[in-house]
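Asker:
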């Protein structure tokens, strides 16, 4: 009996040692959330706050255009849980069954979103997306280098600013500017109008210093160009850093855009993705992002928390009369191929 007990003790000790060894060798697998966002479009301390609060690791990647984001997700070679496309791209992704419907029971902070930013044409029942930021784009210019009034897109075609003009490296936005300047809709699908817009951009090209996206901030911050097409949020940030810079939405009108948080179809971590969207929609978190990025918030509670100067900043929050001249991009469907062809010819010249 004693021999049996001794043998049993040895066996149990061996099992215990083996269990401890295996436990030490196998760290508990951490939940990972894959987030895909525009470059420089979040206060990254917010990501750390989310990780700390929920114990979920965020793998964060960035893109520079809606089209590059769409192509990567469409190809199926990625496994993103949250991404932040713009209005017309959201519509395209809904039409192509690329997005999950959201469970708003998991997003209680959705109540913070202003009603006027819900049920918009690209997501008419607000089933697939939660607003993140909104804004316009226009012209930021250096008042020491540009002495004349800036109130029209025409100044981007003025020969005296040759080599001092920076344009978007984005086919949809840049062709839209040319269309609007000519008096056409930014959503035109008329081949003759698109051809005319293309020819004007080819005519303008010798005046253009560069076609860029995020790099525009460094160029204008350092006084390397007289003017640039920028999103309003970037203009707000730049003007804070350099008071010589001014921003205008041209009198012909511009684009008003909405960037919303969505969940790609087949997401492996849907509840965690909805948790992240809810976290991003908290008033204090939304405020933190607005103060870092400079863009306009659709979050009514966050807006109340902003300082008076920001709330009254016309670059970030333009008058309704001016916004009425602005257009929301729509999904052009197959007609985007006409834009693709025009853009290829512009860049090739």
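In the numbering used here, the protein residues as written are 1178 to 1526. Virtual Cβ for every residue (Gly too), placed ideally from N, Cα, C.
1) May I ask which residues mark the beginning and end of the alpha helix (DSSP H) holding residue 1479?
2) How should residue 1495 be labelled, buried or exposed, when 16 other C-beta atoms within 10 angstroms of its C-beta is the threshold for buried?
3) Could you check whether residue 1265 and residue 1436 sit closer than 7 Å to each other, using their CB atoms as the reference points?
4) Look up residue 1432 in the DSSP assignment and say whether it is helix, strand or coil.
5) Excluding the five sequence neighbours on either side, which residues of its own chain have a C-beta within less than 7 Å of the C-beta of residue 1356, listed in chain order?
6) Within its chain, find whatever has a CB closer than 8 Å to the CB of residue 1251; leave out the 5 residues flanking it on each side and keep chain order.
7) Rounded to whole angstroms, how far is the Cβ of residue 1238 from the Cβ of residue 1218, which I believe are closer than 8 Å?
8) Exposed or buried, which one is residue 1320 when buried takes at least 16 other CB atoms within 10 Å?
9) Give a yes or no on contact between the segment 1386-1398 and the segment 1467-1481, applying the rule of three or more CB pairs nearer than 8 Å.
10) Using C-beta distances below 7 Å, list every residue in its chain close to residue 1442, excluding the 5 sequence neighbours before and after it, in chain order.
11) Among 1493, 1472, 1503, 1454, which one has its Cα closest to the Cα of residue 1150?
12) Within 10 angstroms of the Cβ of residue 1402, are there 16 or more other Cβ atoms? Answer buried if so, exposed if not.
13) Can you tell me whether residue 1526 is buried or exposed, with buried defined as 16 or more other CB within 10 angstroms of its CB?
14) For the segment 1340-1356 against the segment 1305-1313, do three or more pairs of beta-carbon atoms, one drawn from each stretch, fall closer than 8 Å, so that the two count as touching?
15) Taking Cβ positions, are residue 1342 and residue 1385 nearer each other than 7 Å?
16) Figure out for me which residue from 1340, 1326, 1330, 1257 has the closest Cα to the Cα of residue 1383.
17) Have a look at the DSSP bridge pairing and note the partners of residue 1211.
18) What number of angstroms, rounded off, separates the C-alpha of residue 1472 from the C-alpha of residue 1485?
19) Determine the contact status of residue 1211 and residue 1241, defining contact as a CB-CB distance below 7 Å.
20) Are there 16 or more other CB atoms within 10 angstroms of the CB of residue 1498, so buried, or fewer, so exposed?
21) Can you tell me whether residue 1301 is buried or exposed, with buried defined as 16 or more other CB within 10 angstroms of its CB?
22) Could you tell me if residue 1405 is buried or exposed, where buried requires 16 or more neighbouring beta carbons within 10 angstroms of its beta carbon?
23) For residue 1458, tell me which candidate among 1445, 1447, 1480, 1446 has the shortest Cα-Cα distance.
24) By the three-class DSSP mapping on this structure, what secondary structure does residue 1319 have?
25) Is residue 1519 closer than 7 Å to residue 1413 when the C-beta atoms are compared?
26) List in chain order: all unbroken beta strand (DSSP E) runs of 3+ residues lying wholly within the segment 1366-1408.
27) Does DSSP put residue 1262 in a helix, a strand or coil?
28) Can you tell me which of the three DSSP states residue 1504 falls into?
Answerer: The answer reads as follows:
1) Annotation for residue 1479: the continuous alpha helix (DSSP H) segment containing it runs 1477-1482.
2) Looking at its Cβ environment, which holds 16 or more other Cβ atoms inside 10 Å, residue 1495 is buried.
3) No; because the gap between Cβ atoms is not below 7 Å, this pair is not in contact.
4) Strand at residue 1432.
5) Residues 1362, 1363, 1365, 1370, 1374 of the same chain have their beta carbon placed closer than 7 Å to that of residue 1356, with the five preceding and five following residues left out of the count.
6) Listed in chain order, the non-local C-beta contacts of residue 1251 below 8 Å within the same chain comprise 1273, 1275, local neighbours out to five positions each way being set aside.
7) Between residue 1238 and residue 1218, the beta carbon gap of about 12 Å keeps them out of contact (Cβ cut-off 8 Å).
8) Residue 1320 is exposed by the Cβ-count criterion.
9) Segments in contact, no.
10) 1274, 1275, 1276, 1277, listed in sequence order.
11) With the chain represented from 1178 up to 1526, any question about residue 1150 goes unanswered, as that position is not in the structure.
12) That one is buried.
13) Result: exposed.
14) Not touching, per the Cβ criterion.
15) Result yes, Cβ atoms of residue 1342 and residue 1385 sit closer than 7 Å.
16) The residue among 1340, 1326, 1330, 1257 with its C-alpha nearest the C-alpha of residue 1383 is 1340.
17) Bridge partners of residue 1211: 1236.
18) Just so you know, the alpha carbons of residue 1472 and residue 1485 end up roughly 15 Å apart.
19) For residue 1211 and residue 1241, no; Cβs fall outside 7 Å.
20) Exposed, by the Cβ-count rule.
21) Residue 1301 is exposed by the Cβ-count criterion.
22) Counting the other Cβ atoms within 10 Å of the Cβ of residue 1405 gives 16 or more, which makes it buried.
23) Here the closest residue by C-alpha is 1480.
24) Here residue 1319 carries a strand assignment [DSSP, helix/strand/coil].
25) No, the Cβ-Cβ distance between residue 1413 and residue 1519 is not below 7 Å.
26) If you keep only unbroken beta strand (DSSP E) runs of at least 3 residues inside the segment 1366-1408, you get 1385-1389, 1404-1408.
27) If DSSP states are grouped into helix, strand and coil, residue 1262 belongs with coil.
28) Reduced to three states, the DSSP call for residue 1504 is strand.
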